[in-house]
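The next block holds one structure in the form of structure tokens; read it before the comments.
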Amino acid sequence: MTQSLYDQMINSKTGFGQMMLRDVLLPSILGAETDGILYWAGKDIARQFPVASDENLSTLFNQLDLGTLELIKKNNKQQVWHLTGDEIMDRSKLEHASFNFEAGLIAQQVEFMTNAVTEASIEVEKKKMVQITVYHDFSNPITDETPVNFITLAE
């Protein structure tokens with residue numbers, strides 16, 4: 002670790018420990034597969050903690066200290082979400098920060114809510130905001146017969 006990376010992480014509002022795990026240790030272990038594994042890890046966490054609404058998804062992001070999540074646009078083909086906050090500004094300054102975990106988490110939650118196959122893409126804008134666009138295909142419905150048991154969030 003370089004001094005400048007240490008200084009950046011220790012002085013962040015996100016927390017040195019979280020940034021060390023997410024943006025240094027995981028990429029070191031996972032290497033070139035980091036983005037793909039984090040995307041599927043986000044989907045797995047969504048399966049363990051499914052929420053029933055857009056508002057609950059935003060609340061869950063706050064509770065997980067992932068940033069402030071806001072639904073910007075929604076139509077029958079896609080949803081556009083903005084992820085902002087100190088966590089995003091701190092992490093987006095790092096060379097290898099990945100927001101694929103967040104994208105996978107959102108994609109799976111939207112899949113539960115729409116019952117349509119979904120995929121998400123990420124765009125970091127000016128190191129202040131991450132835009133996650135979720136594409137869903139209503140012509141390709143989910144055929145799993147297992148009902149989703151949405152969790153009730155603490156407020």
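Numbering-wise, my numbering puts 50 at position 49 of the sequence shown, and it's gapless, one number per residue. No residue lacks a Cβ here, since even glycine has one placed at the ideal position from N, Cα and C.
My assumption, with CB atoms under 8 Å, is that residue i sits in contact with residue j. Please give the rounded CB distance.
i      : j      : result
Thr85  : Lys129 : 7 Å
Phe100 : Ile123 : 5 Å
Val135 : Ala108 : 5 Å
Leu106 : Ala47  : 5 Å
Leu95  : Asp24  : 5 Å
Gln110 : Val52  : 6 Å
Phe139 : Asn77  : 7 Å
CB residue i to CB residue j, shorter than 8 Å?
i      : j      : result
Gln64  : His137 : no
Ala104 : Tyr7   : no
His83  : Gln4   : no
Asp91  : Met20  : yes
Pro178 : Ala121 : The structure shown has nothing for residue 178, since the chain only spans 2 to 156.
Glu88  : Asp66  : yes
Would you identify the three-state DSSP class for residue i, choosing helix, strand or coil?
i      : result
Lys14  : coil
Thr3   : coil
Pro142 : strand
Ala117 : strand
Val125 : strand
Lys75  : strand
Thr180 : Any answer about residue 180 is impossible in this case: the structure gives the chain only from 2 up to 156.
Ile133 : strand
Leu61  : helix
Leu70  : strand
With a threshold of 16 other CB atoms inside 10 Å of the CB of residue i, please say whether the residue is buried or exposed.
i      : result
Pro148 : exposed
Thr15  : buried
Gly43  : buried
Gln49  : exposed
Phe62  : buried
Thr153 : exposed
Thr119 : buried
Whether or not the region 66 to 78 and the region 25 to 37 are in contact is what I'm after, with contact meaning three or more pairs of Cβ atoms, one per stretch, closer than 8 Å; do they touch?
no
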